[in-house]
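For reference, the structure discussed in these notes is given below.
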Amino acid sequence: MEWKNKADVVIVGGGILGIATAYYLAKFGRRDVAVIEKGTVCEGSTGRCGAGIRAQWGTEMNCRLGMAALEIFEQLDDELGMQTGLNQGGYLLVAYTERELENLKKSMALQNSLGIKSRAVSLREAREICPALDASDAAGFMCHARDGHADPFLTTFAYLEAARRLGVSYFRKTEATGVTVKRGKAVGVDTSRGHIDADAVINCAGARAQDVAKMAGIDLPNWAEPHEIMITEPIEPGVCPPMLMSFSGNYYIQQRPHGSIICGASPKGHPRSFSLNVTSQFLTHMSAVLSKVLPATKGIRAVRHWCGLYDMTPDGSPIIGETDVKNFYHSTGYSGHGFMLGPIAGKLLAQHLVGAKPDIDFSMLDYRRFARGELIVEPNIT
Ligand SMILES: Cc1cc2nc3c(=O)[nH]c(=O)nc-3n(C[C@H](O)[C@H](O)[C@H](O)COP(=O)(O)OP(=O)(O)OC[C@H]3O[C@@H](n4cnc5c(N)ncnc54)[C@H](O)[C@@H]3O)c2cc1C
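In terms of our numbering, the sequence shown opens at residue 21 and continues consecutively.
See below:
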């Protein structure tokens, strides 16, 4: 695409957050939007993720965001005119201790109070939801039938094509190298292709968001955490219809429509690093978990194994909104749930930028909450 040197809004980062935000800005009438991506579409965490979508959260804010995200996903194919691969097989949460089960029940009470129809299910019912499940050692299960997963590539491309149709420019292989701030206002971005003037700049740089924030003189408390994930050869479809997840068991597992299993786990000790290396420890852990929880997978081969970065914040909740630099916004820190929150977060920030009332008041996700000590700690993550 031919370079331009002025846009109304410049978005740094072309993952699900940057592209969905661009789409909603254009949809709401602010069409002169340029997305600057140093690599290519789905280059970052979006193209490396497990793509689970759930409303079963432990903070009111995440419950509201998760439910609103589901509502968007449920009509997204029609809205964007392309498939997103949504599969609503539910999220089946497995608790291995009574304490974990109690915590999940507390979260369920919160979810139910907000209209999310999650519920405790018995082992027998868990087996009806996930026929190949072996979890007789579990203390209990929770399920929300509307949860599930989608395809991160299809979803991001669908947003990108719809955004382009509305006039959004997408510059790939273009790295933002500086944010120009004049008299306390962001007025443009320096890039590897030249300078671009802007009336507003949005930082959607994922695990590199703190670097982009620094370009505008802002310190973010975010850090990058590598997470490994793998895909197996296909087995008979129907082995694992839901997204199967356990915080204490340290796994999430889903089956693709053609039968392959995608599964991941959190790294021991949660190291902070930008490394995308993969380890044999992960393969050992993951294959032991798979063959225990889904014995039908015993002996199948892993065909690919990769690593992506969680963009972490001190409370595991995202940072969305204005900054001390006028017209410079953050939409970052989505840790392990930015794929599902991308559509709703993009919509909310776009509503704010066009002066409309956001569907959900997200002002508490302001980055200054860390300095104020008002953390929004999400318990339902690994
Ligand atoms: C293994 C794994 C499993 C996951 N599972 C799930 C899940 O089940 N459900 C879920 O909701 N989420 C999941 N996530 C989290 C999810 O992937 C992320 O939260 C989400 O993709 C973040 O989107 P983003 O657009 O902010 O970041 P990214 O997709 O990383 O996009 C940011 C983009 O910014 C670009 N960029 C950075 N710096 C610059 C610069 N200076 N100039 C130009 N471009 C720049 C990068 O190249 C990148 O493409 C998972 C993540 C991983 C790693």
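Note that beta-carbon positions come from the ideal geometry of N, C-alpha and C, so glycine has one too. If you're wondering where the values come from, they're calculated on a predicted model, not measured in any experiment.
Exposed or buried, which one is residue i when buried takes at least 16 other CB atoms within 10 Å?
i    : result
T439 : No answer is possible for residue 439: it lies beyond the span of the chain, which begins at 21 and ends at 402.
P172 : buried
A308 : exposed
Q301 : exposed
R84  : buried
N25  : exposed
S414 : No statement about residue 414 is possible, as the shown extent of the chain runs from 21 to 402 and does not include it.
G297 : Contrary to the premise, residue 297 reads as Asn rather than Gly in this sequence. With fewer than 16 Cβ atoms within 10 Å of its Cβ, N297 is classed as exposed.
M21  : exposed
V288 : Residue identity check: residue 288 is Lys in the sequence provided, not Val. The residue in question, K288, is exposed, as its Cβ has fewer than 16 Cβ neighbours within 10 Å.
W23  : exposed
L124 : buried
D331 : buried
G341 : buried
L143 : exposed
R74  : buried
H169 : buried
R119 : exposed
P315 : exposed
Taking 7 angstroms as the cut-off, is the C-beta of residue i nearer than that to any heavy atom in ligand 2?
i    : result
C283 : What this structure holds is ligand 1, not ligand 2.
Mapping DSSP to helix, strand and coil, what is residue i?
i    : result
P246 : strand
R139 : strand
Y349 : strand
A115 : strand
M235 : helix
D97  : helix
V313 : helix
T200 : strand
E253 : coil
G226 : helix
N297 : coil
A218 : strand
Starting from residue i, follow the alpha helix (DSSP H) in both directions and report where the run begins and ends.
i    : result
G362 : G358 to L373
N82  : E80 to E94
T211 : Careful: T211 lies outside any alpha helix (DSSP H), inside the beta strand (DSSP E) at K205 to T211.
Have a look at residue i and residue j and give me their C-alpha separation to the nearest angstrom.
i    : j    : result
W243 : G67  : 19 angstroms
Q95  : R203 : 43 angstroms
S189 : T117 : 50 angstroms
G59  : A158 : 43 angstroms
S133 : K126 : 11 angstroms
A227 : G358 : 11 angstroms
P257 : T317 : 11 angstroms
G35  : C62  : 6 angstroms
E181 : V374 : 21 angstroms
F191 : C327 : 25 angstroms
G38  : D28  : 15 angstroms
Y354 : P334 : 11 angstroms
V53  : K377 : 20 angstroms
N82  : L303 : 31 angstroms
I364 : I136 : 17 angstroms
G33  : G279 : 32 angstroms
S65  : T41  : 16 angstroms
R139 : L112 : 10 angstroms
G444 : R392 : Absent from the structure is residue 444, since the part of the chain shown begins at 21 and ends at 402.
G110 : I216 : 44 angstroms
I149 : Q108 : 12 angstroms
I339 : G319 : 42 angstroms
I281 : D344 : 44 angstroms
C224 : F382 : 16 angstroms
Taking the beta strand (DSSP E) that residue i falls in, what are its first and last residues?
i    : result
L395 : Segment: none, L395 is in no beta strand (DSSP E) and carries neither H nor E.
I39  : Counting along the chain, I39 falls outside any beta strand (DSSP E), though it belongs to the alpha helix (DSSP H) covering I36 to K47.
M332 : A322 to M332
K318 : Neither: K318 is in no beta strand (DSSP E) and is coded neither H nor E.
E342 : I339 to E342
A71  : Counting along the chain, A71 falls outside any beta strand (DSSP E), and DSSP gives it neither H nor E.
D28  : K26 to V32
I56  : V53 to I56
Practice problem: Entirely within the stretch 131–191 and at least 4 residues each: give me those alpha helix (DSSP H) ranges in chain order. | Solution: 143–149 and 172–185
Practice problem: Quick one: which unbroken beta strand (DSSP E) runs of 3-plus residues sit fully inside the stretch 255–290? Chain order, please. | Solution: 263–266, 271–275 and 281–285
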